[in-house]
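FYI, this note's numbering numbers position 66 of the sequence shown as 66, with every residue one higher than the one before it. Here's the structure, in structure tokens; my notes come after.
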Amino acid sequence: MKRNRLTRQSNYIKNLSDTNAWNIKYRYISCLILLPIIIFFLAYSSSPKLQDDTLQTQVVELPVLLENSSHKSISFHAPLTSESDFRGPSSITLNSIFVKKTNDAKDNGQDIFTGLLKASRHSFLSWDEVEVRPGDNLSLIFPRVGLSAKDVYLVTRLDKKALGPLLHLKPGQILHFGTLIKKDGSISLEALKVVLNPIETFHVRKVEQVYQAETIKLAVDLRQKQITGKIDSSLFEAGLTAGLTDKVVMEMAHIFGWDIDFALDLRKGDHFKLIINEVFVNGTKIDDGNILAADFTNRGKTFRAIRFVDSKNRGRYYSPEGDSMRKTFNRTPVPLSRISSRFNPNRKHPILKTNRPHRGVDYAARRGTPILATGDGKVQFIGTKGGYGKTVILSHGGKYTTLYAHMSRYKKGVNSGKRVKQGQIIGYIGSTGLATGPHLHYEFRVNGTHRNPLTVKLPKAEPLPKRYHVEFKAQATPLITQLDILVDTTLAQGE
Ligand SMILES: [Zn+2]
Numbered sequence: 001m002k003r004n005r006l007t008r009q010s011n012y013i014k015n016l017s018d019t020n021a022w023n024i025k026y027r028y029i030s031c032l033i034l035l036p037i038i039i040f041f042l043a044y045s046s047s048p049k050l051q052d053d054t055l056q057t058q059v060v061e062l063p064v065l066l067e068n069s070s071h072k073s074i075s076f077h078a079p080l081t082s083e084s085d086f087r088g089p090s091s092i093t094l095n096s097i098f099v100k101k102t103n104d105a106k107d108n109g110q111d112i113f114t115g116l117l118k119a120s121r122h123s124f125l126s127w128d129e130v131e132v133r134p135g136d137n138l139s140l141i142f143p144r145v146g147l148s149a150k151d152v153y154l155v156t157r158l159d160k161k162a163l164g165p166l167l168h169l170k171p172g173q174i175l176h177f178g179t180l181i182k183k184d185g186s187i188s189l190e191a192l193k194v195v196l197n198p199i200e201t202f203h204v205r206k207v208e209q210v211y212q213a214e215t216i217k218l219a220v221d222l223r224q225k226q227i228t229g230k231i232d233s234s235l236f237e238a239g240l241t242a243g244l245t246d247k248v249v250m251e252m253a254h255i256f257g258w259d260i261d262f263a264l265d266l267r268k269g270d271h272f273k274l275i276i277n278e279v280f281v282n283g284t285k286i287d288d289g290n291i292l293a294a295d296f297t298n299r300g301k302t303f304r305a306i307r308f309v310d311s312k313n314r315g316r317y318y319s320p321e322g323d324s325m326r327k328t329f330n331r332t333p334v335p336l337s338r339i340s341s342r343f344n345p346n347r348k349h350p351i352l353k354t355n356r357p358h359r360g361v362d363y364a365a366r367r368g369t370p371i372l373a374t375g376d377g378k379v380q381f382i383g384t385k386g387g388y389g390k391t392v393i394l395s396h397g398g399k400y401t402t403l404y405a406h407m408s409r410y411k412k413g414v415n416s417g418k419r420v421k422q423g424q425i426i427g428y429i430g431s432t433g434l435a436t437g438p439h440l441h442y443e444f445r446v447n448g449t450h451r452n453p454l455t456v457k458l459p460k461a462e463p464l465p466k467r468y469h470v471e472f473k474a475q476a477t478p479l480i481t482q483l484d485i486l487v488d489t490t491l492a493q494g495e
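Have a look at this one:
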């Protein structure tokens, strides 16, 4: 638009000068006089909001793209300074950052961006991208775009907390540098951004010669989706057929893992119904959210779980009656593995060929598969233990102990006396000690006596606290209704 006006103006000058009454010298002088006037006029007429020397602050509300309780609308303050040692106002930084979003915004909200664009007079920022290499830090990265140690110093003067993502750069991350070339030829850093994930972008920008940082979150839209599936061979295959990601399949296995041993109990014809959240940004699905409610029918028995988020923002799964889906112990330490040998007090040992009771359960899985602590506890023993090979023994509040043998290696940080959480990785499948192939030998003892890990009665985890009952019921009822009416289409097709 500016360019058009300039063209029109120069055509006008040209027309004037073409008349014979103007000699060359006079034309030259008149141009010299007119040019600054035109520039002055253009500069100020195109940004009527800018006052001579007053500092304005404009609150910019990013568009709330989609309505949902979980979204966050973002606002920031964009100081519009009229003068600095650059040729343009520093507000251009903001405009440049959000130019792309202008294109993405599809509703009325985009007027805000175009408004901001109009408010800027010039856009001199040039953008450079730098990929973070292993071992990189700001002092190594800044010189790659022509910035100095002084720039690093000025940026890192921000307090540590605000600087967060810049202090923990990961290889492969892209840093976007917005720079200006100043009158003296030196480069000035005006803006820096790092895309942290599809939702969050970390921004540093220069405002009145001081850097400010913030993480900007895009509005997230959670949409519910209903899915049904039927087991043909494995849970993962059924999940794949139903269009589930591995993440959702794993979550489902976790939720029902206390009641259903997916390595042992799964049968052809078992089926499930899920209500999950899908995460959308700007109308595009970027991830799967949590499972909100789920049914799993195993060998004719249906288990049902509803997610509830408490006041500490912890999401847990409960039965519709408010009983925890968790137990103090997981039934299996290697989810989705295959049981290769069961608890058998009268078994012949496969290598020694003598009558050796098998006091645990063997889970065969690929070497290196993670082994998870079945319950919260403390590391009582870690080390090599004869035929057991590399072994970890956990004690769980005195009465219970669990043993994990034949590991290829231990998880880093798992040391004697250390506390571990249920589901935490403690080591990896291997075949150390007396083992025919890679597997985990798992034992469960109650007061020192070996019990069958597959059948021993496990203590239940705490139910939903009473103070949450009303809230839980309000959340759970519509989900339960949805599950009830959700027709299992795969089941109908298959029969
Ligand atoms: Zn064994």
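All C-beta atoms, glycine included, are put in the ideal place defined by N, C-alpha and C.
- Query: DSSP three-state call for leucine 434: helix, strand or coil?
  - Reply: coil
- So is the beta-carbon of glycine 386 under 7 angstroms away from any non-hydrogen atom of ligand 1? no
- Task: Can you tell me which of the three DSSP states threonine 481 falls into?
- Result: helix
- Item | Alpha carbon of glutamine 475 to alpha carbon of glutamine 380, nearest angstrom | 41 angstroms
- Beta-carbon contacts of lysine 170 that lie in its chain and below 8 angstroms, excluding the five residues immediately before and after: Val132
- When the Cα atoms are used, what is the spatial distance from lysine 399 to glycine 360? 17 angstroms
- Where does isoleucine 141 fall in DSSP's three states? helix
- In the DSSP assignment, what residue or residues form a beta bridge with asparagine 277? Gln224
- Task: Compute the Euclidean distance between the alpha carbons of valine 195 and isoleucine 174, then round it to the nearest angstrom.
- Result: 7 angstroms
- Cβ neighbour criterion (16 or more within 10 Å) applied to arginine 299: exposed
- Item | Nearest to arginine 314 (by Cα), restricted to the options Arg157, Leu464, Ile339 | Leu464
- Message: Could you compute how far the alpha carbon of serine 416 sits from the alpha carbon of glycine 430?
- Response: 20 angstroms
- Task: Give the DSSP-derived three-state secondary structure of arginine 267 in the structure shown.
- Result: coil
- Item | Any heavy atom of ligand 1 within less than 6 angstroms of residue CB: hits in chain order | Ser341, His358, Gly360, Asp362, His441
- Ignore the nearest five residues each way along the sequence and tell me which others in isoleucine 141's own chain have a CB closer than 6 angstroms to its CB. Val130
- Query: Between which two residues does the beta strand (DSSP E) harbouring leucine 372 extend?
  - Reply: 370-372
- So, using beta-carbon positions, are glycine 427 and tyrosine 388 closer together than 8 angstroms? no
- Message: To the nearest angstrom, how far is the alpha carbon of valine 470 from that of alanine 461?
- Response: 20 angstroms
- Task: Taking methionine 252 as part of the beta strand (DSSP E), name the residues at either end of that continuous run.
- Result: No beta strand (DSSP E) contains methionine 252, which is instead part of the alpha helix (DSSP H) from 246-256.
- Query: With burial defined as no fewer than 16 other Cβ atoms inside 10 Å of the residue's Cβ, what is the status of proline 333: buried or exposed?
  - Reply: buried
- Query: Out of curiosity, what's the CA-to-CA distance linking isoleucine 231 and glutamate 237?
  - Reply: 8 angstroms
- State the start and end residues of the unbroken beta strand (DSSP E) segment that holds threonine 328. Taken as a continuous stretch (DSSP letters only), threonine 328 belongs to no beta strand (DSSP E), as it is neither H nor E.
- Query: Any chance the region 203-212 sits against the region 248-256, with 3 or more Cβ pairs inside 8 angstroms?
  - Reply: no
- Query: Around the C-beta of asparagine 137, are 16 or more other C-beta atoms found within 10 angstroms, so that it is buried, or is it exposed?
  - Reply: exposed
- Count the other CB atoms within 10 Å of the CB of histidine 358; is the residue buried (16 or more) or exposed (fewer)? buried
- Query: Out of curiosity, what's the CA-to-CA distance linking asparagine 355 and serine 341?
  - Reply: 15 angstroms
- Express the C-alpha separation of proline 143 and glycine 185 in angstroms, rounding to a whole number. 16 angstroms
- Query: Do leucine 454 and arginine 331 have their CB atoms nearer than 8 angstroms?
  - Reply: yes
- What is the rounded straight-line gap between the Cα of histidine 168 and the Cα of serine 126? 25 angstroms
- Message: With three or more beta-carbon pairs closer than 8 angstroms as the criterion, would you say the region 288-295 touches the region 265-279?
- Response: yes
- Item | Sufficient close CB pairs (3 or more, under 8 angstroms) joining the region 437-455 to the region 243-250 | no
- Message: What does the alpha-carbon distance come out to for the pair proline 478 and arginine 304?
- Response: 14 angstroms
- With which residues is arginine 157 paired in a DSSP beta bridge? DSSP output for arginine 157 lists no bridge partner at all.
- Message: Using the Cβ count rule (16 or more neighbours within 10 Å means buried), how would you classify aspartate 323?
- Response: exposed
- Query: leucine 158 to leucine 166, Cα distance in whole Å?
  - Reply: 11 angstroms
- Message: Buried or exposed, going by whether 16 or more other CB atoms sit within 10 Å of the CB of arginine 307?
- Response: buried
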